[in-house]
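Visitor: In the working numbering, the protein residues as written are -5 to 191. The C-beta atom is built at its ideal place from N, Cα and C for all residues, glycine as well.
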Amino acid sequence: MAAPQPKPENVLFGDWGAFFFNYGEKDELPVGATQGGGSFKYEPEFKEIEYDGSPGDTMGMKRITKSKTQISFKTLEFLDKDKIKNFIAGLKVFEETVTKDGKTIKYDVIEATERLTKESYLKNVAWVGETLGGDIVEIIVYNALSDGSLELGFENESEVVPEVTFTGHRDPENIRKVPWKKRILTATEVAKLIPAG
-5 MAAPQPKPEN VLFGDWGAFF FNYGEKDELP VGATQGGGSF KYEPEFKEIE YDGSPGDTMG
55 MKRITKSKTQ ISFKTLEFLD KDKIKNFIAG LKVFEETVTK DGKTIKYDVI EATERLTKES
115 YLKNVAWVGE TLGGDIVEII VYNALSDGSL ELGFENESEV VPEVTFTGHR DPENIRKVPW
175 KKRILTATEV AKLIPAG
């Protein structure tokens, strides 16, 4: 039997995409430049339903008890004051006026509050990319909270590029709904959005 032939039009390119905060919403905001790409991970936790006399894994006797959904990227634009509060939950950004050498100057101040509110959660964080065949692929993580650590590396001849991880959270009003989805807009459908002429 001959090996299956590849279908190049189905190849998804990691570098043909971008990350967004609140994708598709009125307050959508591009993350901006990244370095080293990013990743998406959906990790369900499986539990085997045990029964007397079981010789091993049995079809139909397994269930998913919980799951974790995460999306992450390494941002080059970490200090953008309009975006930084999205990168680490519980940050506040404000201006501070000080006097130095008889001159009044203003600092943009970024400070950790270590308090989470409903506003700490983004509606979503998304990666939007394209296949070789022109399909648009969207991976959207809902109720996203940046709940990882903040680590800044200061190295010679290198940019400071922190990795930011967002975890999707279930809505208490719809607790069974998993907080992510993938959408594919085929090239044919994409063509309908391109103005004629």
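Helix, strand or coil, according to DSSP, for Asn80 in the structure here?
Guide: Here Asn80 sits in helix by DSSP.
Visitor: Could you check the C-alpha separation between Glu167 and Val158 for me, to the nearest Å?
Guide: So the two alpha carbons sit approximately 27 Å from each other.
Visitor: Quick one: is Tyr17 buried, meaning 16 or more other Cβ sit within 10 Å of its Cβ, or exposed?
Guide: It counts as buried.
Visitor: Give me the Cβ distance between Lys77 and Glu71, rounded to the nearest whole Å; I'm assuming they're in contact under 8 Å.
Guide: The Cβ separation is near 7 Å, so the contact holds.
Visitor: Give the list of continuous beta strand (DSSP E) stretches no shorter than 3 residues that lie fully inside the stretch 36 to 69.
Guide: Those beta strand (DSSP E) runs which fall completely within the stretch 36 to 69 and span 3+ residues are 56 to 69.
Visitor: Are at least three pairs of beta-carbons, each pair with one atom in the stretch 114 to 126 and one in the stretch 147 to 157, less than 8 Å apart?
Guide: In short, these stretches do not touch, since the Cβ pair count stays below three.
Visitor: Do Thr28 and Val135 have their beta-carbon atoms positioned less than 8 Å apart in this structure?
Guide: No, these two residues do not count as a Cβ contact at 8 Å.
Visitor: How close, in whole Å, do the beta carbons of Phe14 and Glu22 come, if the pair is a contact with beta carbons under 8 Å?
Guide: About 6 Å separates the two Cβ atoms, so the contact holds.
Visitor: How would you call Asn137, buried or exposed, if buried means at least 16 neighbouring beta carbons within 10 angstroms?
Guide: Burial call: buried.
Visitor: To which residues of the same chain is Lys41 closer than 6 Å at the C-beta, ignoring the five residues directly before and after it?
Guide: Answer for Lys41: Arg57 and Thr59, listed in chain order.
Visitor: What does the alpha-carbon distance come out to for the pair Phe7 and Thr161?
Guide: The alpha-carbon atoms of Phe7 and Thr161 are separated by roughly 23 Å.
Visitor: Once you ignore the five residues that flank Phe194 on each side, which residues in its own chain have a CB closer than 7 Å to its CB?
Guide: Because the chain is modelled from -5 through 191, residue 194 falls outside the range shown and cannot be assessed.
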